[in-house]
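Down below is the structure, laid out as structure tokens.
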Amino acid sequence: MTDYIIIGAGPAGCVLANRLSEDASNSVLLLEAGGKDWHPLIHMPAGFAKMTKGIASWGWSTVPQTHMKDRVFWYTQAKVVGGGSSINAQIYTRGNARDYDAWEKEEGLAGWAYRDVLPYFKRAENNQRYANDFHGDQGPLGVSNPISPLPICEAYFRAGQEMGIPFNPDFNGASQEGVGYYQLTQKDARRSSASVAYLKPIRARKNLSVRTDVLVTRIVVEKGRAVGVEVVDRPGGEKTILRAGREVIVSSGAIGSPKLLMQSGIGPADHLRSVGVTPVHDLPGVGSNMQDHLDLFVIAECTGDHTYDNYAKLHRTMWAGLQYLLLKKGPVASSLFETGGFWYADPTAASPDIQFHLGLGSGIEAGVEKLKNPGVTLNSAFLRPRSRGTVRLKSADPADHPLIDPNYWSDPYDRDMSIKGLRLAREIMRQKALAPYVLREVLPGPALQSDDELFDYACRSSKTDHHPVGTCRMGHDDMAVVTPDLKLRGIEGLRVCDASVMPRVPSSNTNAPTIMVGEKGADLILGREPLPPAVFSGNRAA
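Residue numbers for the sequence shown follow our numbering, beginning at 9 and rising by one.
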């Protein structure tokens, strides 16, 4: 018997495995359905571009999106140690202070305001540039600035300033708004995933066991308490029960966590019965409240060799590889989306509601028709969607894929703000500062100007930003799945600790916030006093 069983070795799960096993008297078992993070592309920053095509992922898609002309979205979810932190674009952003203050003030989540969570962001962080009120430099997670930026990045900054968008050297500092370089979860020109940062240094701990390629089929509940998990270690293999003496902790992500709970009979009873699962605990909020960021993009052809597209040619690929191996610089050391910013689609918004990512190539993830010259991409995403979706079971078979429905643009406000964000991206690309680098807009293309035309374009071409949250949300009402200390409502010995507990999606990429949840969750599980709230001498992130 193990004290703690953690299901899912994603960003939060790796943090929990590290922090819970710091005390040698605690025995910890970490279970991961995917394999080890051995693939070399995982550790090379530019390898991200291949990850969204299916390497180390489940291969899931959404259901047809009713409000986007029944478009089906490829929905990459990691299936590997490190989870999303092993396959993402390594962008380190935390969101806005007002995001977390709203968790406290509007959702009633005491202990989750910005002043409360900032110390956990700092505890995680080993920042290579900053050590101040907003940043830590003693944590496990490597955070650094881009190594090999291109001149077009600086031109993008000037273009933003020509539109009145200020330059911002630190999106995680005193202010979020502006354009600038993203900080990245990289150290020494390699990806600093949760696996590398939190697991690799402690694999020799005798009280920690990590098992990969193990599918957890259900949580075992006896007399109202989670006492263990049922697993199979290969397709068609025998089922085994692993028992937990203290707690079972679900850290399988915003899709995987509700899926596992529902497979275990924990969730909306009517839905469970409809797919042949016997309800164990009727908890209607499981799998509801799904939120995600939808990405609309502009792709332009460059006037010359200003991005990384030409490195797809064999001789340049070989040179880029040598440059990386010998000098730790060049295209392979780039996350390809290391420049961006935050601005406003809704001028009445209290904080930025649009995020930009400048992609140093033509499409990178999605691909685009062949251009004569290299291309450049500017993604825009509306950060505070009002639409809410669901995760549901397709069947009672644990090996079956879930029904993922982000329900994009079910609220027309999201569509309107997204299209405004796309228009802002087009305007940035047309600024004088970028004229030496940008030859013409390819997508959406000059012919598309009306909102209806841009809506059609978005239905064809938009993509997820891979930021699902909220499906096991914290709260106090009947639709809440966990309490503010992450305990599952109605069952003892069971917690959820990952992005699924977030009541609202942060205004940013979600890797850093998920690691923060893992850090704070570890203290809650161990019954430790929370870190002292942050005290600000001047401005704070807003």
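Cβ coordinates follow ideal geometry from the N, Cα and C atoms, glycine included.
Residue i to residue j span [Cα, whole Å]
i: T225; j: A234; result: 14 Å
i: Y551; j: L28; result: It is not possible to answer for residue 551, since the shown part of the chain is limited to 9 through 550.
i: R394; j: R213; result: 44 Å
i: T522; j: G264; result: 14 Å
i: R219; j: G348; result: 38 Å
i: R392; j: L302; result: 10 Å
i: V229; j: G498; result: 11 Å
i: G103; j: F129; result: 11 Å
i: A341; j: A197; result: 6 Å
i: G18; j: F175; result: 33 Å
i: L24; j: P148; result: 13 Å
i: D422; j: F390; result: 7 Å
i: G535; j: G232; result: 22 Å
i: I14; j: E255; result: 9 Å
i: A167; j: S259; result: 41 Å
i: L502; j: V294; result: 14 Å
i: A466; j: A32; result: 52 Å
i: V222; j: D290; result: 27 Å
Where residue i falls, given that 16 or more other Cβ within 10 Å makes a residue buried
i: K428; result: buried
i: I249; result: exposed
i: L333; result: exposed
i: H484; result: exposed
i: P514; result: buried
i: T101; result: buried
i: S458; result: exposed
i: T356; result: exposed
i: N547; result: Low local confidence applies: a pLDDT of 46 at N547 is under 50, so the model's placement there is unreliable, and no value is given.
i: P72; result: exposed
i: V450; result: buried
i: G244; result: exposed
i: D278; result: exposed
i: G284; result: exposed
Residue(s) in a DSSP beta bridge with residue i
i: C22; result: C22 is not bridged to any residue.
i: A308; result: V384 and E449
i: V258; result: I15 and V504
i: S65; result: A86
i: K495; result: R503
i: Y421; result: Beta-bridge pairing links Y421 to no other residue.
Beta-carbon gap between residue i and residue j smaller than 8 Å
i: V187; j: A308; result: no
i: P360; j: A54; result: no
i: Y253; j: D11; result: Looking at the sequence itself, residue 253 is Gly, so the reference to Tyr does not match. Their beta carbons are under 8 Å apart, which means G253 touches D11 by this criterion.
i: S156; j: K380; result: no
i: G478; j: M510; result: yes
i: I227; j: N26; result: no
i: L3; j: L456; result: This structure cannot speak to residue 3, because the chain is shown only from 9 to 550.
i: D413; j: P292; result: no
i: G144; j: N135; result: yes
i: E112; j: A118; result: yes
i: A110; j: G529; result: no
i: N180; j: Q191; result: yes
i: W68; j: H314; result: no
Any chance the segment 45-53 sits against the segment 90-97, with 3 or more Cβ pairs inside 8 Å?
yes
The segment 355-370 contacting the segment 158-169, beta-carbon criterion three pairs below 8 Å:
The answer is yes - the segment 158-169 touches the segment 355-370, with three or more Cβ pairs under 8 Å.
Pairs of beta-carbons, one from the segment 536-543 and one from the segment 124-132, closer than 8 Å: are there three or more?
The segment 536-543 is in contact with the segment 124-132.
Any contact of the segment 34-44 with the segment 75-88, i.e. 3+ C-beta pairs under 8 Å?
yes
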